[in-house]
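Visitor: Under the numbering used here, the first residue of the sequence shown is numbered -3, with each subsequent residue one higher. Virtual Cβ for every residue (Gly too), placed ideally from N, Cα, C.
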Amino acid sequence: MITHPSSFCNVDNPCSFDYTQIEYFSSNEILQGVYRKINSVKGRGLFVIGGFDQVASLIASSDLEKCLLFDVREEVIRYAKFRMHLTGVFQNSKDYFDCINSSQSSFLFRSFIRENPDNWLSSEEKYQKVQKIFSEGKVNFINLNLFQEIDSLEEEYSLVYLSNIHEWVSKTSGSRLFDLYLDNLKKIKINDLTKWVFTNTQTRQGEIHVGKINNRLITQLFNNLLYVENLCASRDNGAP
């Protein structure tokens, strides 16, 4: 959630809060173009839980029959399970949104729909799609670290969402881990039409790669990774 208050208040500086200045966003990734490109994807989906609402929106924008959500952190997995279970409690997206937000939720929800038209909570049809696939037991969760040796995942996937995992390790401090990450990607069972969704810090935009992992994709990942290295170097040198 990103808010833009008219002023900041604390004990030493009491002030009124103008809720008309609030804007609600589900993620700092911009995937509007990606949502529209996956609306016909069927089969199974594999998703890192970078942000639950992002994953739910990708599920809602596709026609997947089964989904596997993963993360290396147990607390993130528990949170995603909790958020998914709430779809069985609330029958519409407005009530769901009200539950996880403040008493100002009516205004927030209108702002949210305006700013996030493709989000899973901005459409009753999309909300019910996520609700249905979970209620049918077709959403599962696992602890998985793509920077450690893994066995091949048993199922074949037609959609793989990896957010910006490739940026978590820098080339200079962990090239072996990055190589292991790429090797693990090649172990994921896919078909020639499988869509991979990546994002990067530089643009925040989602990028789709179709098919097998190849040299073009590896070059793309390294280019994104080098940008992060330069960003971190500037930060460490005291640059703004």
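Any idea what DSSP makes of Trp192, helix, strand or coil?
Guide: strand
Visitor: Going by the CB atoms, is the gap between Arg40 and Leu60 shorter than 8 angstroms?
Guide: yes
Visitor: Could you tell me whether any non-hydrogen atom of the ligand HEM is closer than 7 angstroms to the CB of Gln127?
Guide: This structure lacks the ligand HEM, and indeed carries no ligand of any kind.
Visitor: Among Leu181, Asp147 and Ser119, whose alpha-carbon lies nearest the alpha-carbon of Asp91?
Guide: Closest option to Asp91, judged by alpha-carbon separation, among Leu181, Asp147 and Ser119: Ser119.
Visitor: Considering only residues of the same chain and omitting the five flanking positions on each side of Val37, which have a CB-CB separation below 8 angstroms?
Guide: Ser58, Asp59, Leu60, Ser154, Leu155 and Lys191
Visitor: Would DSSP call Ser159 helix, strand or coil?
Guide: strand
Visitor: Where do the ends of the alpha helix (DSSP H) carrying Ile129 lie?
Guide: Run containing Ile129: Glu120 to Ser131, per the alpha helix (DSSP H) assignment.
Visitor: Buried or exposed: where does Lys125 fall if 16 or more other Cβ atoms within 10 Å of its Cβ makes it buried?
Guide: By the neighbour-count rule (16 or more Cβ atoms within 10 Å), Lys125 is buried.
Visitor: Which of the three DSSP states is assigned to Arg40 in this structure?
Guide: strand
Visitor: For Asn180, which residues in the same chain have their Cβ closer than 7 angstroms to its Cβ, ignoring the five residues on either side in sequence?
Guide: Leu142 and Ile146
Visitor: Hey, would you say Val44 sits closer than 8 angstroms to Tyr157, going by beta carbons?
Guide: yes
Visitor: How big is the Cα-Cα spacing for Ala49 and Leu173?
Guide: The displayed chain sequence assigns Asp, not Ala, to residue 49. Looking at the two C-alpha atoms, the distance is approximately 28 angstroms.
Visitor: Roughly how many angstroms separate the alpha carbons of Asn88 and Asn35, rounded to a whole number?
Guide: 22 angstroms
Visitor: Between which residues of its own chain and Phe66 is the CB-CB distance below 8 angstroms, once the five residues before and five after are set aside?
Guide: Leu42, Phe43, Val44, Ile45, Ile73, Phe137, Ile138, Asn139 and Leu140
Visitor: Which first and last residues belong to the beta strand (DSSP E) in which Asp91 is found?
Guide: Counted as a single uninterrupted DSSP element, the stretch harbouring Asp91 is not any beta strand (DSSP E) but the alpha helix (DSSP H) occupying residues Ser89 to Cys95.
Visitor: Glu163: buried (16+ other C-beta within 10 angstroms of its C-beta) or exposed?
Guide: buried
Visitor: Taking buried to mean at least 16 other C-beta atoms within 10 Å of its own C-beta, is Phe78 buried or exposed?
Guide: exposed
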